[in-house]
Amino acid sequence: MTDTVSRIVDVVTETAPDVRAGLTGRREYETSENPSGEQMLAADRHADELLEARLLAIDGVASYASEEREEVVESEGAKGDYHVACDPLDGSSNLKSNNVMGTILAVYDQPLPAPGRALVAAGYVLYGPITTLVLARNGTVTEYVIDDTDEGVERRVVEQEVTIPTDPVVYGFGGRVPDWHDDFEGFVREIEDELKLRYGGAMIGDVSQVMEYGGVFAYPSLQSAENGKLRLQFEGNPIGYIVECAGGRSSDGGQSLLAVEPDRLHQRVPVHVGNTELIERLEGALA
Ligand code: AHM
Ligand code: MG
């Protein structure tokens, strides 16, 4: 890892306990909406502000972008080779029901919006019963536990090389069933005979189940929203990169998410990730 990329990962690691601690008391909605027109929680803003300040303070980080702000923010002098995109609190609607949420990190070596092939690292922090970090870098995915100790924040490897199990078990798909396209629904009817449903409403939590047990997660194109719900820069690209580094595949329905050419910062994209053969079957069903 180059020093800057290591530092970015360290800062996200060190910030995770602060994001987690900040959830208590920040469950209320704010009056403002994020650039995608969704309601923001005080917790979304808190996580975004912590990450913005700390990541932009790193030498070598030229800019910071997040799901919660309209524009890219440049560091002083905009110097540096890396451009960081975050979803500070993915699945934040789960805060009300006290379910799992995450922070998504994407490190690009091109100014945003950038294609997935410009990623040099991507990862997610999962605020579950324990706090974990799953980091993809140089073709390898590693899972860590993050512990907030008296001596400081520690990151401990729990699995050096995470790969998606070859015998898939779970599936989870977003969107209302009547809003799905018929070809996608046809695929679902096939695989629900083979796999079991796990859907929690936070992409990070749902993808984590796929990483652990094998299977498929999707937030597909909907009749009411052709590009689905998830955003390419902050969600589609990093999750595609992580799943592909773990031996799986990602798709927008026709090609790898990493091959999608971006046209704007907050653009949405249909997201399908999981075991290679399931994503190939899905692409066949949508063709
Ligand atoms: P968020 O990043 O604003 O929380 O929104 C994205 C989340 C994803 O984590 C999840 O896959 C999806 O929204 C769930 O949406 P739904 O509530 O429609 O199932
Ligand atoms: Mg999100």
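So the sequence shown is numbered by our numbering: it starts at 1379 and just counts up by one. Just so you know, even glycine gets a beta-carbon here, dropped at the ideal spot from N, CA and C. Here the structure is a predicted model, which is why all the values come from computation and not from measurement.
Proximity test, residue i beta-carbon vs the ligand AHM heavy atom, cut-off 7 Å
i            : result
residue 1589 : no
residue 1579 : yes
residue 1597 : yes
residue 1471 : yes
residue 1408 : no
residue 1652 : no
residue 1445 : yes
residue 1326 : The requested residue 1326 is not part of the displayed model; the chain covers only 1379 to 1665.
residue 1552 : yes
residue 1572 : no
residue 1448 : no
residue 1608 : yes
residue 1658 : no
residue 1468 : yes
residue 1465 : yes
residue 1416 : yes
Residue i vs residue j beta-carbon contact at 8 Å
i            : j            : result
residue 1483 : residue 1453 : no
residue 1425 : residue 1467 : yes
residue 1480 : residue 1546 : no
residue 1432 : residue 1389 : yes
residue 1477 : residue 1445 : no
residue 1405 : residue 1473 : yes
residue 1514 : residue 1496 : no
residue 1428 : residue 1387 : no
residue 1469 : residue 1581 : yes
residue 1382 : residue 1438 : yes
residue 1591 : residue 1543 : yes
residue 1550 : residue 1601 : no
residue 1593 : residue 1548 : yes
Same chain only: Cβ atoms within 7 Å of residue i, ignoring 5 sequence neighbours per side
i            : result
residue 1471 : 1579
residue 1457 : 1440
residue 1640 : 1491, 1492, 1493, 1610, 1611
residue 1541 : 1624, 1625
residue 1416 : none
residue 1487 : 1459, 1460, 1496, 1498
residue 1385 : 1436
Close-in-space but distant-in-sequence residues of the same chain around residue i (CB under 6 Å, 5 per side omitted)
i            : result
residue 1597 : 1552, 1606, 1607, 1608, 1649
residue 1614 : 1608, 1635, 1647, 1649
residue 1585 : 1595, 1617
Residues near residue i by beta carbon distance below 8 Å, same chain, minus five either side
i            : result
residue 1599 : 1559, 1562, 1605, 1606, 1631, 1648
residue 1395 : 1509, 1524, 1526, 1531
residue 1535 : 1520, 1521, 1522
residue 1450 : 1441, 1442, 1443, 1461, 1489, 1490, 1643
Closer than 7 Å: residue i CB and nearest the ligand ZN heavy atom
i            : result
residue 1430 : As for the ligand ZN, it is missing from this structure, which binds only the ligand AHM and the ligand MG.
Neighbour flag for residue i against chain C, beta carbons, 8 Å
i            : result
residue 1533 : In the structure shown, chain C does not exist; there is a single protein chain.
Could you pull out every unbroken beta strand (DSSP E) segment of at least 3 residues lying fully inside the stretch 1491-1519, listed in chain order? For the stretch 1491-1519, whole beta strand (DSSP E) runs of length 3 or above, ordered along the chain, are 1497-1505, 1509-1515.
Can you check the stretch 1614-1643 for any beta strand (DSSP E) of at least 3 residues that lies completely inside it and give the ranges in chain order? Complete beta strand (DSSP E) runs here, min 3: 1627-1629.
Which runs of the beta strand (DSSP E) spanning at least 3 residues fall entirely within the stretch 1393-1444, listed in chain order? Counting whole runs of 3 or more residues, the stretch 1393-1444 contains the beta strand (DSSP E) stretches 1407-1411, 1417-1419, 1439-1444.
Counting only runs of 4+ residues fully inside the stretch 1554-1616, write out the alpha helix (DSSP H) ranges in chain order. The alpha helix (DSSP H) runs of length 4 or more contained entirely in the stretch 1554-1616 are, from start to end of the chain, 1560-1569, 1581-1591.
In chain order, which continuous runs of the beta strand (DSSP E) of length 3 or greater are located wholly inside the stretch 1452-1477? Counting only unbroken stretches of 3 or more residues, the beta strand (DSSP E) elements lying wholly within the stretch 1452-1477 are 1460-1468, in sequence order.
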